[in-house]
Amino acid sequence: MSDYDLIIRNGIIVTSDNCFKGDIGIKEGKIIEITAQAPIKDKAEKEIDAVGYHILPGLIDTHVHLNEPGRTEWEGFSTGSKSLAAGGVTTFFDMPLNSNPPTINKVGFELKQEQAHMKSVTDYRLWGGLVPENVSNLEELHHCGVIGFKAFMSPSGIDEFHHSDDVTLFKGMNEIARLGSILAVHAESTVITDQLACQKQNEGKVSAKDFCESRPIISELEAVRRVLSYAEATGCKLHIVHASSSKVVKLVTEAKQRGIDVSVETCPHYLSLTVEDFTELGPIAKCAPPLRDTEEVEFLWAAFANGEIDVIGSDHSPAPPNMKQALNGNLFRAWGGISGAQSTLSVLLEEGYWKRNIPLQRIVQTVSTNPAKRFGLFPTKGSISVGSDADLAIIHLNQRFTLKKEDLFYRHPHSPYIGKVFRGKNVTTIVKGSIVFTDG
Ligand SMILES: [Zn+2]
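According to the working numbering, the stretch in the sequence shown is residues 1 to 440, in order.
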């Protein structure tokens, strides 16, 4: 009998700080051998010939909304996790708000956990929520095993998940610090966005550009500055999600230099789409914070290149097609959220590796190694090393393809990337030694 369940031979292994040709031996879901010089001598029942392919640690998508239970008609763990797997993701973190009940207490956690366990084809973790009503439930959620807590500083769009006023944030962050957990925040200023949105709509200005102007970068900066102050005052570990601008990233970098324990995420759409794309594509490209201009996209890539962006999350936020319509051309009225979970790696390879010479190692850092380290999963996840989970994405770096609607595994196969040509395709995804996706 072989010592291995699976051997992957002659692939180019890419880690967060290395790139070399070698073999990977897998047994009972773990990587048990990696050879760079000589091939693994033994044979395995199953072998993959990876000549010409790159092998990455499986992606960890820290930010998805799969909406189950309660809004499974929007997405769900089955369709959502299949899409993620097709994009090379081996672990996702599901956000607490779009499910019903939301994940704001033990009961909500257990209901979601049951569904996720039954239906997910990849590994996963669940976020808990921080809302004004549940500061006293944070401890039970922590003991349930949430990966961290998520709060909104402006309305979430979901009636069952209220945004946190400053007192809630402060109290919640004190408690989360005591528990040794981490708070992720959607940071936009309610005062600024509400006032500007009212003004725009009263004047009948409801285009894509108007929507973007009602949520300016300053609204993110104001909220981020405020929550950084609370992090400084409480000692709570902080994670800023979906920063749309390099100015937000700079604030986080400065805070790190002052000794605040903070990290920052951005999303593939802020690195590849602009207000002009939103105008052209319509509600399919609506998100909050909104898309910015071409210059901002380049500034964000510069921050990515120099390592200031810790994490890339898809913020996959799907909704049924009837909610992604702008009645009478009013972009304020359509659901905000971009479906993108399947395309994260393709966007980063096309826009980053190919167009802007971003090294593969840097991409691996942001989509896998850094998330694993930040959320306590490293080196079991986020690493190709002996003893790690055999969570891998095998990619064909040179393969060109045009994304088609039929390629998408989402419940509702809409995406701003349909019709876009990408170079670099995930062809096989392995979760704990099992192949969960192969191209075609
Ligand atoms: Zn989100």
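All C-beta atoms in this analysis are idealised placements derived from N, C-alpha and C, irrespective of residue type, glycine included.
Only exposed fits A36, as fewer than 16 other CB atoms lie within 10 angstroms of its CB.
Around the beta carbon of F20, fewer than 16 other beta carbons lie within 10 angstroms, which makes this residue exposed. Per DSSP, N370 is one residue of the alpha helix (DSSP H) stretching across N370 to R374. Distance between V252 and I40, taken at the CA atoms: about 45 Å. Taking one beta carbon from each stretch, the stretch 117-124 and the stretch 70-88 have 3 or more pairs nearer than 8 Å; the two touch. In the displayed model, T193 falls within a helix according to three-state DSSP.
If you compare the alpha carbons of N10, G108 and A302 with that of I24, the shortest gap goes to N10. Between C144 and K106, the C-beta gap is smaller than 8 Å, which places the two residues in contact.
In this structure, the straight-line span from the alpha carbon of S415 to that of A151 is close to 26 Å. Assignment of beta-bridge partners to I12 by DSSP yields K21 and H54. In this structure the stretch 210-220 does not touch the stretch 172-179; the number of beta carbon pairs closer than 8 Å is below three. Boundaries of the alpha helix (DSSP H) harbouring H117: K106 to K119, taken from the DSSP string. The beta carbon of R226 sits closer than 6 Å to none of the beta carbons in its chain outside the five residues before and after it.
Per DSSP, the beta bridge partners of T438 are T428. Contact check between the stretch 301-312 and the stretch 347-362: three or more CB pairs, one atom from each, fall below 8 Å, which counts as touching. Take P321, set aside five residues on each side of it, and the residues of its chain with a beta-carbon closer than 7 Å to its own are H412 and H414, in chain order.
Pairing D94 with W127 gives a Cβ-Cβ distance under 8 Å. The C-alpha of P289 is placed about 23 Å away from the C-alpha of F170.
Three or more beta-carbon pairs drawn from the stretch 273-287 and the stretch 416-432 are found closer than 8 Å, and the two stretches are therefore classed as touching.
Per the Cβ contact rule, the stretch 54-61 is in contact with the stretch 369-384 (3 or more Cβ pairs under 8 Å). Distance from the CA of T122 to the CA of E68, rounded to the nearest whole angstrom, comes to 15 Å. Put simply, the backbone Cα of T168 is about 17 Å away from that of T103.
A distance below 7 Å between beta-carbons, with the five flanking residues on each side excluded, links S99 to the following residues of its chain, in chain order: N67, E68, P69, G70, R71 and K112. In the DSSP annotation of this structure, E160 is not part of any beta strand (DSSP E), being labelled neither H nor E. N398 counts as exposed, since fewer than 16 other C-beta atoms from the protein chains shown sit within 10 angstroms of its C-beta.
When DSSP assignments are scanned along the stretch 216-243, the uninterrupted stretches of beta strand (DSSP E) that are 3 or more residues long and fall wholly within it turn out to be 237-240. At least one heavy atom of ligand 1 sits closer than 7 Å to the Cβ of M95. Contact annotation, L56 with A393: C-beta distance approximately 5 Å; criterion of less than 8 Å satisfied. In the structure shown, T72 falls within a coil segment according to DSSP collapsed to helix, strand and coil. Taking the Cα positions, Y230 is about 8 Å away from M173. The Cβ atoms of I31 and S434 do not sit closer than 8 Å to each other. Taking C-beta separations shorter than 6 Å and ignoring five residues to either side along the sequence, the partners of F92 in its chain run D61, V64, L84 and Y124, following chain order. One alpha carbon belongs to Q201, the other to I34, and they sit about 59 Å apart.
For R178, the enclosing alpha helix (DSSP H) starts and ends at D166 to L179.
The DSSP-derived three-state label of R292 is coil. DSSP places F278 in the helix class (H, G or I) of the three-state scheme.
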